[in-house]
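Enquirer: Here it is, the structure in full.
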Amino acid sequence: MLTERGKTSNTVFQISLLCFAVFVLIIPAQAAKMEQENEPAVIETAKEIENATAKPEKRLTPAGITRLDEITVTAKRHEEKIFDVPYTAHVVNSDDILFQKSIKTIPEVFREETGVMIQKTSHGQGSPFIRGFTGFHNVLLIDGIRLNNSTFREGPNQYWNTIDPYSIRKVELIKGPGSVMYGSDSIGGTVNAITKSPQRYGKGLLYNANIYNRYATGEKSYIGRMELSASYDNKVGIITGYTFKDFGDFVSGDGLLRNTGYDESDGDFKLEYFLDKDKKFIFAFQNVNQEDVPRTSKTTQSKSFRGTKIGSDIKRDLDQERTLSYIQFHWDKVSNVIERAKISLSYHNQRECRDRIKGSGSGEEVGFNVDTYGIWTQFESTSPVGHLTYGIDYYHDNVTSFKRNFNSAGMLTSVGIQGTVADDAAYDLFGVYIQDEISLGNFEFIVSARYIYAALDADKVEDPDTGKEICINENWTGLIGSVRMMYYANQHWNIFGGISQGFRAPNLSDMTMFQADSSFETPTTNLDSEKFITMEIGTKADFANWSAQLSYYYTYLDGMIVRSPTGAIIDGSPEVQKANIGYGNIDGVEAEASYSPCKNWTLFGNFTWVEGRSKQVEGGKKNYKPFDRMMPTTGRAGARWESDDSRLWAEAQTTIVDNQDDLSLRDRQIQAEFLQVVPQDIQFTH
């Protein structure tokens, strides 16, 4: 089990309670004192407080539809409307998260978006497939800081669930390779979770407290959020919150699914301090702690669905904890040469422990601890050749891992050389990037490039052949580029396109994984980097009562790392090792549109088609076969009504999914009819 698990969360909770006492008990008294001393100041403060608690005027966005006037900071690394970026992008804000979608975890944020399919093993184990890619082929950022580290796996994993969606102000998704601007791993897409900041700044003392509760009967879950925010004299502001989640055993159409629930506690704190109107320091801290998250499908408590196999483990639970602390400095109007500058220093700790009891009664505890130190800089300058955005980023991982085996009596019998990844390991990821935005009449061009250096140093790795301890040391470099273009036909319609390279260096999961699942993966000592090229063309239209977005993309894969059987059997499971044998392509079409025939009504819909093929070995021969877990052709349509003040709304939508009968070698064990779903949804809120 994780040592001292949850102490940090409890500390944050105690701090939150203390702050709550300060705000609720002390500050009103101070406000009363201010009223006696300076009545006009209190009147202004009261107005600010009223504004702070008022509901935003902006209407909620229909599910699966993008507001093209939303602001994104991820596409170009500075603020720009989605309509004005030559990418397919989506933004989901906090109101949509809380009131429109009422989601539980971050992977659910984009569940209705085009080109995105959500895989969920359980409440605590969900992973989005973005344009056919999942796991370490997508990058998740928190305020621009990478969540991805060197232990991330290739397939669906649980790490996106370690971000508390109730601490997030908005989530941005940029589809397609983002490696040039955000480094290794960004192939399917880049997601930036931007955390909440103090809600209001103004003269004097401003403060407010929010409480949010969510209860769902079908999943027997309760989520509670307490949040406090305060600011003083446009100078300093803080926001702190605590979220508690209690997921009970899920109730499905076949009845109660036992051993599917778990508990989670999350704490966050942010302080902003303005030296003046152009200079700001930010300090932030957040902690997520999940206890006993079950992998129910691998246990005897799972239920068969039309012949699917029930697991053999008595228990397979996962403890997960993540802590992030960072300091950032934002500076506008730096000099005549530099318009804006940002510097970020961060410390990220991610820990996990898997507690497993096999069918024989013997058990094991396997896990790792990752300490990630990060720094990045970003500068913006206007030059004779265009608007430049440039900087560096560097992340260093220190990794320790463990494996402890127990007999059926619970006595320790042995200790492994490593856990799921190498013990006593380090991983470095360094990059230098530059982007140039050039405007020529109705055309805008974005040309960007990045140099990447990655190095792996693993001192304790178990040799799959001898069982002895070995070490692995490798490094990789890459120089990649991107060219994007946008043509403005008029102020409401544009056409965009481009070609972008993607790059992913092998990580500790690729090179040193030693783990049993449906197969038994063993370490590989010689892997090259993966390379991708994506071409995309699309169009956007944004008029008074309707908007639309359409795009087609084609991604070429060169030397993708895939698992292949060696022919050996380990502990009853086939041994697999990774190799750069993945060559193929993924292409797709994404479309969405919304239309408002009158003030209170909106009709909307979207469509996704995606197909991918790669070289795979079947019967000793290499053939082009479909990729694993490709999203079936999917269409959504719906209607939405809102009251004039947006406080009351109703929405009905239907999702139609085609048969996925073009299956990979791996997916042929699942009948295509399993993927036929036509969910319908009607929601009301006030």
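Residue numbering for the sequence shown follows the numbering used here, starting at 624 and increasing by one per position. Ideal Cβ positions, reconstructed from N, Cα and C, are used throughout, including at glycine. Note that the structure is predicted; figures quoted are calculated from it, not measured.
If I'm right that Ile768 touches Tyr949 with Cβ under 8 Å, what's the distance once you round it to whole angstroms?
Expert: Along the sequence shown, read from residue 1 onward, the residue named residue 768 stands at position 145. Along the sequence shown, read from residue 1 onward, the residue named residue 949 stands at position 326. Contact flag correct, Cβ pair sits at about 6 Å.
Enquirer: If you draw a straight line from the C-alpha of Arg754 to the C-alpha of Asp891, how long is it?
Expert: Against the sequence shown, residue 754 aligns to sequence position 131. Against the sequence shown, residue 891 aligns to sequence position 268. If I take the Cα positions, the gap works out to 32 Å.
Enquirer: Near Gly1039, what residues of its chain come up, given a Cβ to Cβ distance below 6 Å and the 5 sequence neighbours on each side ignored?
Expert: Position 416 of the sequence shown, counted from the first residue, corresponds to residue 1039. Hits under 6 Å: Lys1026.
Enquirer: Using the C-alpha atoms, what's the distance from Ile861 back to Ile1075?
Expert: Translated into the one-based positions of the sequence shown, residue 1075 becomes position 452. Translated into the one-based positions of the sequence shown, residue 861 becomes position 238. Looking at the two C-alpha atoms, the distance is approximately 36 Å.
Enquirer: For Asp955, which residues in the same chain have their Cβ closer than 6 Å to its Cβ, ignoring the five residues on either side in sequence?
Expert: What you label residue 955 is simply residue 332 of the sequence shown in a count that begins at 1. Excluding sequence neighbours, Asp955 sits near Asp901 and Arg963.
Enquirer: What is the DSSP secondary structure of Thr883, counted as helix, strand or coil?
Expert: In the sequence shown, residue 883 corresponds to position 260, counting from 1. Reduced to three states, the DSSP call for Thr883 is coil.
Enquirer: Go ahead and pull the three-state DSSP assignment for Asp940.
Expert: As a first step, residue 940 must be located in the sequence shown, where it is residue number 317. DSSP places Asp940 in strand when its eight states are reduced to three.
Enquirer: Among residues of its own chain, excluding the 5 on either side of Asn780, which ones have a beta-carbon nearer than 6 Å to its beta-carbon?
Expert: Translated into positions along the sequence shown, residue 780 becomes position 157. For Asn780, where only same-chain residues beyond five positions count, the Cβ hits under 6 Å are Ser750 and Gly758.
Enquirer: Where do the ends of the alpha helix (DSSP H) carrying Val803 lie?
Expert: As a first step, residue 803 is located in the sequence shown; it is residue number 180 there, counting from the start. Run containing Val803: Ser802 to Tyr805, per the alpha helix (DSSP H) assignment.
Enquirer: Buried or exposed: Ile933, going by 16 or more other Cβ atoms within 10 Å of its Cβ?
Expert: Locating residue 933 in the sequence shown gives position 310, counting from the first residue. Exposed is the call here.
Enquirer: Over the uninterrupted beta strand (DSSP E) stretch that includes Met1134, give me the two end residues.
Expert: Numbered from its first residue, the sequence shown carries residue 1134 at position 511. Not the beta strand (DSSP E): Met1134 falls in the alpha helix (DSSP H), residues Leu1131 to Thr1135.
Enquirer: Straight-line CA distance for Gln1124 to Met1253?
Expert: Against the sequence shown, residue 1124 aligns to sequence position 501. Against the sequence shown, residue 1253 aligns to sequence position 630. The straight-line gap from Cα to Cα measures roughly 22 Å.
Enquirer: In the DSSP assignment, find the beta strand (DSSP E) that holds Lys743 and state where it starts and stops.
Expert: The sequence position of residue 743 within the sequence shown is 120, counting from 1. Val739 to Ser745 is the extent of the beta strand (DSSP E) around Lys743.
Enquirer: Can Leu1271 and Ala1214 be called in contact, C-beta distance under 7 Å?
Expert: As a position in the sequence shown, residue 1271 is number 648, starting the count at 1. As a position in the sequence shown, residue 1214 is number 591, starting the count at 1. Their beta carbons are not under 7 Å apart, which means Leu1271 does not touch Ala1214 by this criterion.
Enquirer: Can you give the beta carbon distance from Asp915 to Asp872, rounded, assuming they're within the 8 Å contact cut?
Expert: To locate residue 915, count along the sequence shown from 1; it is residue 292. To locate residue 872, count along the sequence shown from 1; it is residue 249. That pair is no contact at about 13 Å.
Enquirer: Do the CB positions of Ser773 and Tyr1050 come within less than 7 Å of each other?
Expert: As a first step, residue 773 must be located in the sequence shown, where it is residue number 150. As a first step, residue 1050 must be located in the sequence shown, where it is residue number 427. Closer than 7 Å, so yes.
Enquirer: What are the uninterrupted segments assigned as alpha helix (DSSP H) that are 4 or more residues long and contained completely in the stretch 805-876, given in chain order?
Expert: Listed in chain order, there is nothing to give.
Enquirer: To the nearest angstrom, how far is the alpha carbon of Lys793 from that of Ala816?
Expert: Here residue 793 refers to the residue found at position 170 when the sequence shown is read from its first residue. Here residue 816 refers to the residue found at position 193 when the sequence shown is read from its first residue. One C-alpha to the other measures close to 6 Å.
Enquirer: What is the DSSP secondary structure of His760, reduced to helix, strand or coil?
Expert: Residue 760 sits at position 137 when you count from the first residue of the sequence shown. In the structure shown, His760 sits in a helix (DSSP, three-state: H, G or I).
Enquirer: So is Gln913 buried or exposed if we call it buried at 16+ other beta carbons inside 10 Å?
Expert: For the purposes of this step, residue 913 is taken as residue 290 along the sequence shown, with counting starting at 1. Looking at its Cβ environment, which holds 16 or more other Cβ atoms inside 10 Å, Gln913 is buried.
Enquirer: Would you give the residue range spanned by the beta strand (DSSP E) that Ile1069 belongs to?
Expert: Taking the first residue of the sequence shown as position 1, residue 1069 is located at position 446. Per DSSP, Ile1069 belongs to the beta strand (DSSP E) from Phe1066 to Glu1085.
Enquirer: Taking 6 Å as the cut-off, is the beta-carbon of Asp692 closer than that to any non-hydrogen atom of the ligand FMN?
Expert: Although the ligand FMN was asked about, the structure shown includes no ligands whatsoever.
Enquirer: Determine the DSSP secondary structure at Phe928, reduced to helix, strand or coil.
Expert: Counting from 1 along the sequence shown, the entry for residue 928 is found at position 305. The answer is coil: DSSP assigns Phe928 none of H, G, I, E or B.
Enquirer: Could you check which residue in Pro685, Thr1089, Pro709 and Phe870 has the C-alpha nearest to that of Tyr1110?
Expert: As a working note, residue 1110 is residue 487 in the sequence shown. Here the closest residue by C-alpha is Pro709.
Enquirer: Are the CB atoms of Phe991 and Val1044 within a distance shorter than 7 Å?
Expert: On the sequence shown, residue 1044 is found 421 positions in, with the first residue counted as 1. On the sequence shown, residue 991 is found 368 positions in, with the first residue counted as 1. Closer than 7 Å, so yes.
Enquirer: Counting only C-beta atoms, is Tyr1218 closer than 7 Å to chain D at any point?
Expert: Looking for chain D here will not work: only one protein chain is present.
Enquirer: Whose C-alpha, out of Ala1032, Gly747, Gln1114 and Pro1007, is nearest the C-alpha of Ile1061?
Expert: Within the sequence shown, numbered from 1, the residue matching residue 1061 stands at position 438. Residue Pro1007 is the option with its Cα nearest to Ile1061.
Enquirer: Using the rule of at least 16 other Cβ atoms within 10 Å of the residue's Cβ for burial, across every protein chain shown, is Ser935 buried or exposed?
Expert: Translated into positions along the sequence shown, residue 935 becomes position 312. The residue in question, Ser935, is exposed, as its Cβ has fewer than 16 Cβ neighbours within 10 Å.
Enquirer: Tell me whether Ala1031 is buried or exposed, calling it buried when 16 or more other Cβ atoms sit within 10 Å of its Cβ.
Expert: Numbered from 1 along the sequence shown, position 408 holds the residue referred to as residue 1031. It should be noted that the sequence gives Ser, not Ala, for residue 1031. So Ser1031 counts as exposed.
Enquirer: Beta-carbon within less than 6 Å of Leu764's beta-carbon, same chain only, minus the 5 sequence neighbours each way: which residues are those?
Expert: Reading the sequence shown from its first residue, position 141 is the one you call residue 764. Hits under 6 Å: Asn815.
Enquirer: Below 8 Å, how does it come out for the stretch 732-740 and the stretch 1220-1236: are there three or more Cβ pairs, yes or no?
Expert: Touching, per the Cβ criterion.
Enquirer: Among Ile937, Leu1102, Trp1169 and Thr697, which one has its Cα closest to the Cα of Val762?
Expert: Translated into the one-based positions of the sequence shown, residue 762 becomes position 139. Comparing Cα positions, the closest option is Thr697.
Enquirer: Does the beta-carbon of Met1368 have 16 or more other beta-carbons within 10 angstroms, so that it is buried, or is it exposed?
Expert: Here the chain comprises residues numbered 624 to 1309, so residue 1368 is not present and cannot be evaluated.
Enquirer: Does Arg1186 pass the burial test, meaning 16 or more other C-beta atoms within 10 Å, or should it be called exposed?
Expert: For this step, residue 1186 is matched to residue 563 along the sequence shown. Per the 10 Å Cβ criterion, buried.
Enquirer: Hey, Gly1258 and Gln1276: beta-carbon distance below 7 Å or not?
Expert: Residue numbering aside, residue 1258 sits at position 635 when the sequence shown is read from its first letter. Residue numbering aside, residue 1276 sits at position 653 when the sequence shown is read from its first letter. Contact: no.
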